[in-house]
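Everything below concerns the one structure shown next.
There are 2 protein chains.
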Amino acid sequence: MKNKYLLEESLGYKLFQASRLMTNTLNRHFKEQGFLLTHEQWQILSRLYEKDGQTQHELARINEKDQPSVSRLIDNMIKRGLIVRKAHPSDKRINLIYLTECSKQMEEEYTALAIQTIQEAAFEIDEKELEICLQVLDRIRVNLK
Amino acid sequence: MKNKYLLEESLGYKLFQASRLMTNTLNRHFKEQGFLLTHEQWQILSRLYEKDGQTQHELARINEKDQPSVSRLIDNMIKRGLIVRKAHPSDKRINLIYLTECSKQMEEEYTALAIQTIQEAAFEIDEKELEICLQVLDRIRVNLK
DNA sequence: AGTATCTACTTGTTTACACAAGAAGTCCTT
DNA sequence: AAGGACTTCTTGTGTAAACAAGTAGATACT
């Protein structure tokens, strides 16, 4: 008997679809609240809430994106008044990225929507099983990096 | 003590990064073998290997994408000679999508790379824990759909 | 000092996504 | 048979990804 590959049952496909549903749901929540924010922009903001004034290089590194992606993501966020670029005091190559008053004030509301999305996703999932899932995801990241 | 939200530790972020690593790895494998194929295109092909001659609407539905995305994805795949559009015999609205001789011949090689990617991702992960993770992913999809 | 190398960032190109709106064909109902 | 509703697909627009190539500033070496 042939053991056929089925896309639908594969780890890659399930991961991909679950991830996309979560990011789409978060995007929808932002939109429903009238916030012009994408989940990618939220990733950047969230890093700045943890530590304001990081370089683009650092933001790319910790978010595991390449620099061109972050460069343009930041362009869009500046257009929307979420962040600003400031020159590094001594190294002219470097841009330091800072939150604006506007985005600082929104931290709680944005964070609440992120947490809400995770709670919706994790609804009625056993806590131990969720923990195991998170560990597996960590290991996948280690394996592929 | 304040229980702060940490992006890095969140389900959404871990899912997103693990998923992106898997799709990027699959893309890289295709490229290394000289195959002009993206993971999104592989999703479509894989569905056609299961059942040739599906409509765009059906392909969009089962892959959980919207129709415009599938329409343009199919445009690209036609350009690369992976599939063809054929008119439905009685309903002129409908395009039926068929594999080409070329893509039919590649099924085994493409599938091998998909399986290899999953094996790399799942390396040294306990089988029971992986199974739990897959179930959690299924439940996340149910919760958010 | 002068050249080579490295670093941080930007620009160009292609692929793909989501949402909105439009075009064309089919079906239903009277 | 005619009008309206529904279905299928395409086009328009904006966001973001990866990879390649380019620019400008800092550093290191002789």
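Protein chains in written order, with this note's numbering: chain A, 12 to 156; chain B, 12 to 156.
Ideal Cβ placement from N, Cα and C applies to all residues, glycine included.
Computed from a predicted structure; not experimentally measured.
(message) By the 7 angstroms beta-carbon criterion, what residues does the stretch 86–110 of chain B contribute toward chain A?
(response) Of all residues in the stretch 86–110 of chain B, none places a beta-carbon less than 7 angstroms from a beta-carbon of chain A.
(message) Measuring straight from C-alpha to C-alpha, what distance separates A/V147 and A/N38?
(response) Between the C-alpha atoms of A/V147 and A/N38 there is a straight-line separation of about 25 angstroms.
(message) Residues of the stretch 23–44 of chain B in Cβ contact with chain A at a cutoff of 7 angstroms, in chain order, please.
(response) If the cut-off is 7 angstroms between Cβ atoms, the stretch 23–44 of chain B has G23, K25, L26, F27, Q28, A29, S30, L32, M33, T34, T36, L37 near chain A.
(request) From the DSSP output, in three-state form, read off A/Y16 for me. (result) Secondary structure of A/Y16 (DSSP, three-state): coil.
(request) Following the continuous beta strand (DSSP E) through B/L110, name the residue where it begins and the one where it ends. (result) Note, B/L110: beta strand (DSSP E), 106–110.
(message) Along the chain, where does the beta strand (DSSP E) containing B/I94 start, and where does it finish?
(response) Taken as a continuous stretch (DSSP letters only), the beta strand (DSSP E) holding B/I94 covers 94–98.
(request) Figure out for me which residue from A/R150, A/R152, A/T36, A/E69 has the closest Cα to the Cα of A/I108. (result) The option with the nearest alpha carbon to A/I108 is A/E69.
(message) Helix, strand or coil, according to DSSP, for B/Q65 in the structure here?
(response) DSSP, read as helix, strand or coil, puts B/Q65 in strand.
(message) For the structure I just gave you, are there three or more beta carbon pairs, one from the stretch 99–114 of chain A and one from the stretch 58–73 of chain A, closer than 8 angstroms?
(response) Because the criterion of three Cβ pairs below 8 angstroms is met, the stretch 99–114 of chain A and the stretch 58–73 of chain A touch.
(message) Could you check whether the Cβ of A/K57 sits closer than 8 angstroms to any Cβ belonging to chain B?
(response) One detail in the question is off: residue 57 of chain A reads as Ser in this sequence, not Lys. The beta carbon of A/S57 sits closer than 8 angstroms to some beta carbon of chain B.
(message) Output needed in chain order: residues of the stretch 115–141 of chain B with a Cβ under 8 angstroms from some Cβ in chain A.
(response) The stretch 115–141 of chain B vs chain A, Cβ under 8 angstroms: T122, A125, I126, T128, I129, E131, A132, A133, F134, E135, I136, E140, L141.
(request) Figure out for me which residue from A/A29, A/L56, A/L22 has the closest Cα to the Cα of A/M117. (result) Ranking the options by Cα distance to A/M117, first place goes to A/L56.
(message) For the alpha helix (DSSP H) containing B/L37, name the first residue and the last one.
(response) Counting along the chain, the unbroken alpha helix (DSSP H) around B/L37 starts and ends at 22–43.
(request) Please work out which residues of its chain come closer than 8 angstroms, Cβ to Cβ, to B/K74, disregarding the five sequence neighbours upstream and downstream, and give them in chain order. (result) Correcting the residue type first, residue 74 of chain B is Asn in the shown sequence and not Lys. Within the same chain, B/N74 has close Cβ partners Q54, I55, R58, V81.
(request) Return the first residue and the last residue of the alpha helix (DSSP H) that A/E140 is part of. (result) Looking at the DSSP string, the run of the alpha helix (DSSP H) that includes A/E140 is 138–155.
(message) For A/E120, report the span of its alpha helix (DSSP H) as first-last.
(response) Looking at the DSSP string, the run of the alpha helix (DSSP H) that includes A/E120 is 118–132.
(message) Does the contact criterion of 3 or more C-beta pairs under 8 angstroms hold for the stretch 134–144 of chain A versus the stretch 137–155 of chain B?
(response) The way I'd put it, the stretch 134–144 of chain A does touch the stretch 137–155 of chain B; three or more beta-carbon pairs between them come closer than 8 angstroms.
(message) Taking the beta carbon of B/K15 as the centre, do at least 16 other beta carbons fall within 10 Å, making it buried, or is it exposed?
(response) With fewer than 16 other Cβ atoms within 10 Å, it is exposed.
(message) Against chain A, with Cβ distances strictly below 8 angstroms, would B/S21 count as a contact?
(response) Chain A contact via Cβ: present.
(request) Give me the Cα-Cα distance between A/E19 and A/C113, rounded to the nearest whole angstrom. (result) A direct Cα-Cα distance of roughly 43 angstroms separates A/E19 from A/C113.
(message) Quick test of your reading: B/T34 and A/F27, contact by CB under 8 angstroms. State the CB separation rounded to the nearest angstrom.
(response) So it is a contact: roughly 6 angstroms between Cβ atoms.
(request) Using a Cβ-Cβ cut-off of 8 angstroms, state whether A/E75 counts as contacting chain B. (result) With 8 angstroms as the cut-off, A/E75 counts as an interface residue toward chain B.
(message) Cβ closer than 7 angstroms: which chain B residues qualify as neighbours of A/L70?
(response) By Cβ distance, chain B contributes nothing, its closest Cβ being about 12 angstroms from A/L70, past 7 angstroms.
(request) Assuming B/D149 and A/K25 form a contact by the criterion Cβ under 8 angstroms, report the distance between their Cβ atoms to the nearest whole angstrom. (result) At roughly 7 angstroms, the Cβ-Cβ gap stays under 8 angstroms, so B/D149 and A/K25 are in contact.
(request) Could you name the residues of the same chain whose beta carbon sits closer than 6 angstroms to that of B/K156, not counting the 5 residues immediately before and after it, in chain order? (result) The same chain holds no residue with a CB closer than 6 angstroms to that of B/K156 once the five nearest residues on each side in sequence are set aside.
(message) Checking 8 angstroms against the spacing of the C-beta atoms, do B/L47 and B/Y121 come in under that value?
(response) Contact annotation: B/L47 and B/Y121 have beta-carbon atoms that are not nearer than 8 angstroms.
(request) Please name the residue, chosen from A/A29, A/H40, A/G23, that lies closest to B/L32 on a Cα-to-Cα basis. (result) Of A/A29, A/H40, A/G23, the residue nearest in Cα terms is A/G23.
(message) Within a Cβ cutoff of 8 angstroms, which residues of the same chain sit near A/V153, ignoring the five residues on either side of it in sequence?
(response) Excluding positions up to five away in sequence, the list is empty.
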